[in-house]
Amino acid sequence: MKEVEFLKLLACPRCKKKLRVPRTSAYCSVCKKRFYKIKGVWHLLGLTDRPTKESQKIYDLLFQTEFVGPDKYSYQILAALTRGNKAIDIAAGAGLIEKYDKNCISLDFSLNALKQAQKNGAKFLILADAHHLPFVDSAFDVAISAGNLEHFSSPLQALREMARVSKTQCMIIHKYPPIPFAQQLFPLVSKLFSITHQPIEKPFAKQEMHDLMQKARLQIIFEGTWRLPFNYGRPISWLPQIPQFPSAWFVITSKI
Numbered sequence: 009m010k011e012v013e014f015l016k017l018l019a020c021p022r023c024k025k026k027l028r029v030p031r032t033s034a035y036c037s038v039c040k041k042r043f044y045k046i047k048g049v050w051h052l053l054g055l056t057d058r059p060t061k062e063s064q065k066i067y068d069l070l071f072q073t074e075f076v077g078p079d080k081y082s083y084q085i086l087a088a089l090t091r092g093n094k095a096i097d098i099a100a101g102a103g104l105i106e107k108y109d110k111n112c113i114s115l116d117f118s119l120n121a122l123k124q125a126q127k128n129g130a131k132f133l134i135l136a137d138a139h140h141l142p143f144v145d146s147a148f149d150v151a152i153s154a155g156n157l158e159h160f161s162s163p164l165q166a167l168r169e170m171a172r173v174s175k176t177q178c179m180i181i182h183k184y185p186p187i188p189f190a191q192q193l194f195p196l197v198s199k200l201f202s203i204t205h206q207p208i209e210k211p212f213a214k215q216e217m218h219d220l221m222q223k224a225r226l227q228i229i230f231e232g233t234w235r236l237p238f239n240y241g242r243p244i245s246w247l248p249q250i251p252q253f254p255s256a257w258f259v260i261t262s263k264i
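Counting in the numbering used here, the sequence shown runs from 9 upward without gaps.
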């Protein structure tokens with residue numbers, strides 16, 4: 009993607025009006041607000057709720073050190089879905105998809121995360137909130153959400169925004185382990201064993217995920233499992249990784 013094509017996609021995160029972009033600043037004629045590009049990053053944070061603001065502060069601290077994610081092959085697979093398409097990586101973190109597809113747009117609400125993405129070769133960097141995406145309608149062929157829907161304060165709002173800006177949505181969504189009463193036990197076990205999760209952590213049961221997609225007016229065109237093992241990275245230190253229990257759904261959707 010060329011810079012001039014990228015700039016045509018930008019919209020006000022508040023009112024969604026297409027921005028006027030002269031060089032390194034952008035202006036919304038409706039909100040009378042100006043946005044700036046600083047050190048290669050477009051600062052387009054819109055309205056942000058309190059839980060998201062608190063989460064943002066914590067992620068900025070976490071991304072002061074190098075992010076360690078799943079094996080590189082996961083990101084290579086996701087990059088194969090974005091390559092050759094107008095694509096956005098929502099909550100991109102350190103931009104590990106962009107290592108393999110530099111034309112994919114990196115969006116995150118953590119500036120420190122985007123600095124890492126920049127080092128990993130990402131060309132198009134957006135500081136913004138996934139609940140208020142700063143793009144025109146139907147800007148992208150593909151939107152990627154790789155293991156972050158469960159970390160948003162409003163997954164439904166984030167899904168609706170993904171649907172608004174993209175034709176196809178590819179998502180890795182963390183799920184509960186396949187044991188009885190997992191949804192009820194999850195918060196109790198986390199508290200009992202002082203398990204450190206991300207600031208907002210709410211995996212999805214299968215029916216809950218289906219209901220959410222329906223509310224967002226998305227139809228599931230593919231559903232499977234992403235075979236990262238349960239307890240990947242061992243947040244529960246005394247429990248081994250369990251390869252027999254995949255930890256996430258892999259879902260591809262399109263707008264109804």
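Ideal Cβ positions, reconstructed from N, Cα and C, are used throughout, including at glycine. Bear in mind the structure is a predicted one, so any value in this text is a computation, not a measurement.
With contact defined as three or more Cβ pairs closer than 8 Å, the region 20-31 and the region 108-123 are not in contact.
When C-beta atoms of the region 133-148 are compared with those of the region 80-89, fewer than three pairs fall below 8 Å, so the two segments do not count as touching. By the C-beta density criterion, F230 is exposed, having fewer than 16 other C-beta atoms within 10 angstroms. E158 is classed as buried because its beta carbon has at least 16 other beta carbons within 10 Å across all chains shown. With respect to the 7 Å criterion, D116 and A99 are classified as neighbours on the basis of their beta carbons. With distances taken between CA atoms, S153 lies nearest to A256 out of A256, F132, K61, K65. Taking a C-beta distance under 7 Å as the contact criterion, L164 and V49 do not qualify as a contact pair. A check of alpha carbon separations from I96 across I85, I66, L133 identifies L133 as the nearest. Boundaries of the alpha helix (DSSP H) harbouring I85: 80-90, taken from the DSSP string. Here Q215 is exposed, its C-beta having fewer than 16 other C-beta atoms within 10 Å. In its chain, beyond the 5 residues on either side, A224 have a beta carbon closer than 6 Å to the beta carbon of L167.
Distance check between T73 and each of A125, T233, V259 places A125 closest, using alpha-carbon atoms only. In the DSSP assignment, Y67 falls within the alpha helix (DSSP H) that extends over 58-70. C178 has I152, I260 as its beta-bridge partners, per DSSP.
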